[in-house]
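**Student:** Each residue of the sequence shown is one higher than the one before, starting from 1 at the first, in full-length UniProt numbering. First the structure, then my questions, so here it is.
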Amino acid sequence: MMFDLIAILFFWTPLILFVYHWFIFPLILFLIVKIRRKDKKVDLPQYLEFPRVTIAIAAWNEELTIGTKLRNCQELDYPADKLEVLVGTDAVTDRTNEIVQSFAESDSRIRLITVNERVGKSAVINMLAEKASGEIILFTDADVLLEPQALKAGVARFRDPKVGMVATAYVRRNKEGNIAESIWDRYENKLKELEGMIGCTVGISGYAMFVRRSLVRPLPHDIINDDYVLGIFVFLQGYKSVYEPKSVVWTKVEPPEIEFTRKARMNRGNVQQIFRYSRILLPKYGAVAWVLFSHKYLRWFVPFILLSILIASAIKITIPFFRILLILQLLTYLTTPLVPYVKGNLRKFLLPQYYIWVNWALIVGYWQYFFGKRVKYNWLRTERRAD
């Protein structure tokens with residue numbers, strides 16, 4: 001009797017949550033969108049005049065990327081008199097400021113905003129938002145590039161006065177310049193698109209995100225995932241978040257060890273968010289609360305779900321079903337260390353192992369949050385590569 005109770009608590013309950021997170025939630029979302037599409041479509045007014053936009057780039061020691069980024073901004077298809085580019089830095093130790101100043105001398109739209117002491121990324125973002133003159137701010141990283149039409153496509157979504165934030169579609173390129181879109185990327189982009197159709201895109205990437213300037217609120221100085229918190233502030237004010245697939249940005253595929261470090265750091269921020277902003281899960285926030293719980297919160301707890309299933313399988317090892325399941329789990333876990341060494345198309349044969357590898361990065365993030373060294377400035381990023 002006790003073992004049956006253990007099986008229910010440690011196996012079937014976590015398994016149901018796992019299946020709900022990855023399959024049932026997207027299916028429900030798809031059905032909601034399909035039903036809503038039958039409603040009368042609202043025609044939004046066309047822009048008679050494009051709104052002023054500020055591209056805000058928080059940069060620290062980005063001499064390898066900032067020049068390419070600024071040239072990319074200059075090449076965007078958007079009225080020149082409606083665009084400004086602000087680059088914010090704090091106590092850089094390389095040529096970043098010098099490079100930005102050289103661009104600013106020949107292009108009045110570009111401005112450098114800098115301080116001589118370390119204040120952290122959040123403080124720099126706050127500084128950029130305060131100085132921005134645009135009605136819309138595009139927060140973007142120094143090492144990602146935008147397609148020429150990305151700005152117009154993203155800004156167009158703000159014709160709906162209820163939209164406060166727009167997520168872009170990011171595409172990864174490998175070192176050879178070829179598209180390296182994974183099954184994970186395709187799944188995430190489709191999910192963001194469905195969420196956006198009900199005004200609740202929560203998978204906002206800090207690579208590039210549009211926000212109404214009037215909705216930007218000062219970030220706490222120690223915040224880790226600034227992009228997520230900027231989005232939470234938009235939701236708390238009652239505005240929608242949508243996904244624009246035509247607003248495409250390009251980013252690089254990083255080596256596995258760098259990607260692992262990035263994911264671990266992100267989850268350190270996720271734990272911080274659980275403690276600080278879980279009020280967004282209150283019923284009064286409706287669909288936003290449901291989507292955040294189903295898409296984000298359950299994903300952050302997947303490592304514990306997998307561990308629970310493993311323990312339950314071991315406890316019930318005398319039953320053939322659980323014995324086979326335990327063997328499959330152990331084989332997957334034991335071969336997971338191969339992930340960083342498998343390249344190209346061969347990686348698709350290690351999808352279960354890659355999934356475990358990602359969740360191991362989440363566990364490292366939990367460890368870093370509770371037991372790791374506190375970082376004063378929270379501007380730790382992966383090393384840039386000169387390609």
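All C-beta atoms, glycine included, are put in the ideal place defined by N, C-alpha and C.
Would you check if the distance between the CB atom of S308 and the CB atom of H21 is smaller than 8 Å?
**Tutor:** To locate residue 308, count along the sequence shown from 1; it is residue 308. To locate residue 21, count along the sequence shown from 1; it is residue 21. Not closer than 8 Å, so no.
**Student:** First and last residue of the alpha helix (DSSP H) that includes A264?
**Tutor:** Along the sequence shown, one-based indexing puts residue 264 at 264. Counting along the chain, the alpha helix (DSSP H) containing A264 begins and ends at P256 to Y277.
**Student:** Please report the distance separating the alpha-carbon of K240 from that of I305.
**Tutor:** Here residue 240 refers to the residue found at position 240 of the sequence shown. Here residue 305 refers to the residue found at position 305 of the sequence shown. Cα-Cα distance, rounded: 31 Å.
**Student:** Determine the direct distance from the alpha carbon of R186 to that of V342, and round the result to whole angstroms.
**Tutor:** Against the sequence shown, residue 342 aligns to sequence position 342. Against the sequence shown, residue 186 aligns to sequence position 186. Their backbone Cα atoms lie some 21 Å apart in a straight line.
**Student:** Only counting the same chain, and skipping five residues up and downstream in sequence, which positions put a Cβ closer than 6 Å to that of L310?
**Tutor:** Translated into positions along the sequence shown, residue 310 becomes position 310. The residues are Q329.
**Student:** Quick one: Cα of I28 to Cα of G269, how far?
**Tutor:** The count along the sequence shown starts at 1 and reaches residue 28 at position 28. The count along the sequence shown starts at 1 and reaches residue 269 at position 269. One C-alpha to the other measures close to 28 Å.
**Student:** Which residues does DSSP list as the beta-bridge partners of D90?
**Tutor:** Taking the sequence shown and counting its residues from 1, the one referred to as residue 90 is at position 90. Partner(s): V115.
**Student:** With M165 and R36 assumed to form a contact (beta carbons below 8 Å), what rounded beta-carbon distance in angstroms separates them?
**Tutor:** As a first step, residue 165 must be located in the sequence shown, where it is residue number 165. As a first step, residue 36 must be located in the sequence shown, where it is residue number 36. Not really, about 20 Å apart at Cβ, beyond 8 Å.
**Student:** Tell me where the beta strand (DSSP E) around T336 begins and ends.
**Tutor:** Here residue 336 refers to the residue found at position 336 when the sequence shown is read from its first residue. Neither: T336 is in no beta strand (DSSP E) and is coded neither H nor E.
**Student:** Which value, in whole angstroms, describes the spacing of the CA atoms of G67 and Y366?
**Tutor:** Here residue 67 corresponds to residue number 67 of the sequence shown, with the count starting at 1. Here residue 366 corresponds to residue number 366 of the sequence shown, with the count starting at 1. G67 and Y366: Cα-Cα distance of roughly 36 Å.
**Student:** List the endpoints of the continuous alpha helix (DSSP H) containing S102.
**Tutor:** Translated into positions along the sequence shown, residue 102 becomes position 102. It spans T96 to S106 - the alpha helix (DSSP H) in which S102 sits, taken as one unbroken run.
**Student:** Under a three-way DSSP split, which group does L325 fall into?
**Tutor:** Position 325 of the sequence shown, counted from the start, is the residue given in the question as residue 325. Secondary structure of L325 (DSSP, three-state): helix.
**Student:** Is it buried or exposed for W12, if we count other Cβ within 10 angstroms and need 16 for buried?
**Tutor:** Taking the first residue of the sequence shown as 1, we reach residue 12 at position 12. The Cβ neighbour count for W12, taken over all protein chains shown within 10 Å, is under 16; the residue is labelled exposed.
**Student:** Taking R118 as the reference, which of E75, F260, N61 and R71 has the closest Cα?
**Tutor:** Stepping through the sequence shown from its first residue, residue 118 is reached at position 118. When each option's Cα is compared against that of R118, the closest is N61.
**Student:** Grouping DSSP H, G and I as helix and E and B as strand, with all else coil, what is W250?
**Tutor:** Along the sequence shown, read from residue 1 onward, the residue named residue 250 stands at position 250. Correct three-state label for W250: strand.
**Student:** In the structure shown, what three-state DSSP assignment does S133 receive?
**Tutor:** Position 133 of the sequence shown, counted from the first residue, corresponds to residue 133. Reduced to three states, the DSSP call for S133 is coil.
**Student:** For V249, which option in V100, L15 and E147 has the closest C-alpha, if you only look at C-alpha atoms?
**Tutor:** Stepping through the sequence shown from its first residue, residue 249 is reached at position 249. Among V100, L15 and E147, the Cα nearest to that of V249 is on E147.
**Student:** Which whole-angstrom value describes the C-beta separation of I317 and Q272, a residue pair presumed to lie in contact below a C-beta threshold of 8 Å?
**Tutor:** Numbered from 1 along the sequence shown, position 317 holds the residue referred to as residue 317. Numbered from 1 along the sequence shown, position 272 holds the residue referred to as residue 272. Not confirmed; about 38 Å, so no contact.
**Student:** For N126, count neighbouring Cβ atoms within 10 angstroms of its own Cβ and tell me buried if that reaches 16, exposed if not.
**Tutor:** Here residue 126 is taken as the residue at index 126 of the sequence shown, counted from 1. That one is buried.
**Student:** Please state if the CB of F260 and the CB of N361 are separated by a distance shorter than 8 Å.
**Tutor:** Position 361 of the sequence shown holds residue 361. Position 260 of the sequence shown holds residue 260. At residue 361 the sequence reads Ala, which differs from the Asn that was named. The answer is yes: Cβ separation under 8 Å.
**Student:** Roughly how far, in whole angstroms, is the beta-carbon of V242 from the beta-carbon of G206, given that I think they are within contact range, below 8 Å?
**Tutor:** Taking the first residue of the sequence shown as position 1, residue 242 is located at position 242. Taking the first residue of the sequence shown as position 1, residue 206 is located at position 206. That belief does not hold up - the Cβ atoms of V242 and G206 are roughly 17 Å apart, past 8 Å.
**Student:** When the Cα of D77 is compared with those of R111, V53, A132 and K162, which residue comes out closest?
**Tutor:** Sequence index remark: in the sequence shown, residue 77 carries index 77 (1-based). It is V53.
**Student:** Buried or exposed for K69, please, with buried defined as at least 16 other CB atoms from any protein chain shown within 10 angstroms of its CB.
**Tutor:** Indexing the sequence shown from 1 puts residue 69 at position 69. So K69 ends up on the buried side.
**Student:** Which of the three DSSP states is assigned to Y207 in this structure?
**Tutor:** Numbered from 1 along the sequence shown, position 207 holds the residue referred to as residue 207. Of the three classes helix, strand and coil, the one that applies to Y207 here is coil, per DSSP.
**Student:** From V229 to L219, what does the alpha carbon distance come to, in whole angstroms?
**Tutor:** Locating residue 229 in the sequence shown gives position 229, counting from the first residue. Locating residue 219 in the sequence shown gives position 219, counting from the first residue. Going by the C-alpha atoms only, they are around 8 Å apart.
**Student:** For the alpha helix (DSSP H) containing I16, name the first residue and the last one.
**Tutor:** The residue you call residue 16 lines up with position 16 of the sequence shown. Per DSSP, I16 belongs to the alpha helix (DSSP H) from T13 to V19.
**Student:** Excluding five sequence neighbours on each side, which residues of the same chain lie with their C-beta closer than 6 Å to the C-beta of G88?
**Tutor:** For the purposes of this step, residue 88 is taken as the residue at position 88 of the sequence shown. These residues qualify, in order along the chain: A58, I113, V124, M127 and L128.
**Student:** What does DSSP give as the partner residue(s) for A58 in the beta ladder?
**Tutor:** For the purposes of this step, residue 58 is identified with residue 58 of the sequence shown, where counting begins at 1. Paired residues: G88.
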